[in-house]
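Numbering follows full-length UniProt numbering, with no gaps: position 116 of the sequence shown is 116. Backbone N, C-alpha and C define an ideal beta-carbon position, used for all residues, glycine too.
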Amino acid sequence: MLEIGKKAPDFTLLNQDNESMSLSDFKGKKVILYFYPRDNTPGCTKQACGFGELYPSFVEHGVEIIGISKDSVASHKRFKDKYQLPFTLLSDPELEAIKAYDVWKEKNMYGKKVMGVVRTTYLIDEDGMIVKAFEKVKAADNPQNMLKEVEE
1 MLEIGKKAPD FTLLNQDNES MSLSDFKGKK VILYFYPRDN TPGCTKQACG
51 FGELYPSFVE HGVEIIGISK DSVASHKRFK DKYQLPFTLL SDPELEAIKA
101 YDVWKEKNMY GKKVMGVVRT TYLIDEDGMI VKAFEKVKAA DNPQNMLKEV
151 EE
């Protein structure tokens, strides 16, 4: 996990509409950058829908939400449309941002060691600095907990 107080690494990835987006595009806004393992899985769906339901409250606080996984652009498009997610999903099949944000790690799945995305959420301020970082977050609680963080 990256250190609080450090500059958030910039990246350029494709969104669900196959458009190139960079973290620097959001300069001047607070950003919740959340990394999740996979579209359309129970935990990831719960987390995404939670952020979707609370999205108007995040916008009121001047916060943009970006979800990142290694899923394809087409998978993100289907996931976003299926659950009517109001925020951006970025595709990182080459693990560019995933590795830059130190969320690609060894995990234990059903007793086997595998490499994968550890569910991690960063809060980045208007100047692109990491102000909060949470690793191994619980999918169901993460959106509400992040809203509490931005309301402080």
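Evaluate aspartate 71 with the Cβ neighbour count: other Cβ atoms within 10 Å of its Cβ, from every protein chain shown; 16 or more gives buried, anything less gives exposed.
Looking up residue 71 in the sequence shown gives position 71. Under this definition aspartate 71 is a buried residue.
Ends of the beta strand (DSSP E) at serine 20?
Position 20 of the sequence shown holds residue 20. Segment 20-22, the beta strand (DSSP E) holding serine 20.
Quick one: what's glutamate 106 bridged to in DSSP?
Indexing the sequence shown from 1 puts residue 106 at position 106. Met115, per the DSSP bridge assignment.
So what's tyrosine 122 in DSSP terms, helix, strand or just coil?
The residue you call residue 122 lines up with position 122 of the sequence shown. Tyrosine 122: strand per DSSP, three-state reduction.
Exposed or buried, threonine 91, counting other C-beta atoms within 10 Å across all chains shown (16 or more means buried)?
Translated into the one-based positions of the sequence shown, residue 91 becomes position 91. According to the sequence displayed, residue 91 carries serine and not threonine. By the 10 Å Cβ count, serine 91 comes out buried.
Between the alpha carbons of leucine 54 and glycine 116, how many angstroms are there, rounded?
Position 54 of the sequence shown, counting from 1, holds the residue named residue 54. Position 116 of the sequence shown, counting from 1, holds the residue named residue 116. Distance between the alpha carbons of leucine 54 and glycine 116 is about 27 Å.
Enumerate in chain order the residues of its own chain whose CB-to-CB distance from serine 22 is below 7 Å, with the five nearest sequence positions on each side excluded.
Translated into the one-based positions of the sequence shown, residue 22 becomes position 22. Excluding sequence neighbours, serine 22 sits near Asp10, Phe11, Thr12.
What whole-angstrom Cβ distance do glutamate 149 and leucine 123 have, given they're in contact under 8 Å?
Numbered from its first residue, the sequence shown carries residue 149 at position 149. Numbered from its first residue, the sequence shown carries residue 123 at position 123. Going by Cβ atoms, the distance from glutamate 149 to leucine 123 rounds to 6 Å, so yes, they are a contact pair.
Taking 8 Å as the cut-off, does the stretch 100-109 touch the stretch 81-88 (at least 3 CB pairs, one atom from each stretch)?
No, because fewer than three Cβ pairs between the stretch 81-88 and the stretch 100-109 fall closer than 8 Å, the two stretches do not touch.
Quick one: give me the first and last residue of the alpha helix (DSSP H) that phenylalanine 51 is part of.
In the sequence shown, the residue the question calls residue 51 occupies position 51. Element bounds for phenylalanine 51: 42-60.
Who does serine 69 pair with in a DSSP beta bridge?
Along the sequence shown, one-based indexing puts residue 69 at 69. Answer is Ser91.
Quick check on the DSSP output: the alpha helix (DSSP H) that includes alanine 97 runs from which residue to which?
Position 97 of the sequence shown, counting from 1, holds the residue named residue 97. Where alanine 97 is concerned, the enclosing alpha helix (DSSP H) stretches over 96-100.
Do leucine 95 and asparagine 15 count as a contact pair if the criterion is CB distance below 8 Å?
Residue 15 sits at position 15 when you count from the first residue of the sequence shown. Residue 95 sits at position 95 when you count from the first residue of the sequence shown. Not closer than 8 Å, so no.
Do three or more CB pairs link the stretch 35-46 to the stretch 119-139 at distances below 8 Å?
In short, these stretches touch, since the Cβ pair count reaches three.
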